[in-house]
Amino acid sequence: MRKRKWSSALLAASAIIAAAGCGSDDPGTVSGSEVYDTCTTSIADNVPAFYKTYFRCVTITMSGDTVVIKTDGLPPHNTYYYGSGHDKYVAFDFSKGSDYHPNPNTLKQQNVTIQIPAAPKARGLTINAAAVDAKVNSSSNEYGLGPRGVALDGVSLFNPLAAPGDDIEDEKYTFDPYNAHPTNNGAYHYHTTSKGPLELLKKLGKTTNTTPGQAEIEVYGMMCDGTLLLGCKELDGSAPAAGLDSQNGHVHDIKDKAGTVHFTGRYHTHVCTSIGSHKYTPEIQYYDTCK
Ligand SMILES: [Zn+2]
Ligand SMILES: [Zn+2]
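Residue numbers for the sequence shown follow the numbering used here, so the first one is 29 and each next one is one higher.
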């Protein structure tokens, strides 16, 4: 077991080792258990490299051909929603406008398990504007409510559909500066891009900019069915090709900057306001299972 804190000394050492091209000892991956800031990461040896490279603050194991991610859902960053008195509490940010206001909830530790098929099967859907209607329960192919994915920093990913009777375009006014908020049982979650995963990528030396839309690479997380959530860039930093579907999704190999193909022919969505109209996590579940 190796224990490690994020520190500038570590990052400097990481840069030196990375520059030396040290493959299996790359300090940017976790195999075993490590401490980062205030959270613990534990990733089994046989978990695909993608998860070892990009995820922290979670426990990941394999169960047959299924990647099992467990998280307590607690954000590693500061937020108003920790509640006053907590050492990560900060005042609510009203700088985005007078329509913004906190919701009455305080985040609480969760017990989330997301099971992602290593080789997901497509449902064969046509994901057009009629399917992506922003209405809850309008299609049997929608992601359900509650945690339906995990962000790189262990925070839950929810679909873009607000609970019945609400509208996500109204709910967004309770987002903190990380574009997140908790449910009434304290489940803190993202519905869209967030600087949270990008701050993690910065600590891992994979981007210098943490503003969604401007980072060198933008990986946000993984949905329960195997749909990957990216931002305005592909994993190798290139611009996505034209021809995205109505939730900004398409299928191609997912290759990193070094040329490693992490997923072959994988559906993923690009949450990026400059390249499509869909501003949130995917609404329609492309692959057949979500557990
Ligand atoms: Zn929400
Ligand atoms: Zn793409």
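Note that the Cβ used here is the ideal one computed from N, Cα and C, for glycine as well.
With a 10 Å radius around the Cβ and a threshold of 16 neighbouring Cβ atoms, A157 comes out exposed.
By the neighbour-count criterion, in which a residue is buried when 16 or more other Cβ atoms sit within 10 angstroms of its Cβ, P268 is buried. Scanning V58, C300, I155 and K319 for the CA closest to the CA of L180 turns up V58.
As DSSP reads the structure, E227 sits in no beta bridge.
Out of Y315, N139 and T255, the CA that lies nearest to the CA of H298 is found in T255. Look at P175: its beta carbon is at least 8 Å from all of the heavy atoms in ligand 2. Residue environment: V63 is assigned as exposed (fewer than 16 neighbouring CB atoms within 10 Å of its CB, all protein chains considered). Counting C-beta pairs closer than 8 Å gives fewer than three between the segment 200–212 and the segment 230–239, which falls short of the contact rule. DSSP places I196 inside the alpha helix (DSSP H), whose first and last residues are I196 to E199. Sequence-distant Cβ neighbours of R151 in its own chain, meaning closer than 8 Å and more than five residues away, are N169, Q313, Y314, Y315 and D316. Here DSSP, grouped into helix, strand and coil, assigns F186 to coil.
As DSSP reads the structure, A208 sits in a beta bridge with Y218.
Put simply, the segment 179–198 touches the segment 213–229. At least three CB pairs are less than 8 Å apart. For T202, the secondary structure class from DSSP, reduced to helix, strand or coil, is helix. In this model, A77 and S126 are separated by some 44 Å (Cα to Cα). Residues of the same chain with a CB within less than 7 Å of the CB of G111, apart from the 5 flanking positions on each side, are Y117 and T134 in chain order. Nearest C-alpha to I245 among P188, S166, F120 and Y82: Y82. Bridge partners of S274 according to DSSP: none are assigned.
In terms of side-chain proximity, the C-beta atom of E199 is found nearer than 8 Å to a non-hydrogen atom of ligand 1. In the structure shown, T141 falls within a strand segment according to DSSP collapsed to helix, strand and coil. Per DSSP, the continuous alpha helix (DSSP H) segment holding A77 begins and ends at A77 to Y82.
Nearest in C-alpha terms to M250, of all of T202, K261, L102 and C318, is C318. The segment 98–108 makes contact with the segment 130–150; the number of CB pairs closer than 8 Å reaches 3 or more. Distance between A190 and Q275, taken at the CA atoms: about 16 Å.
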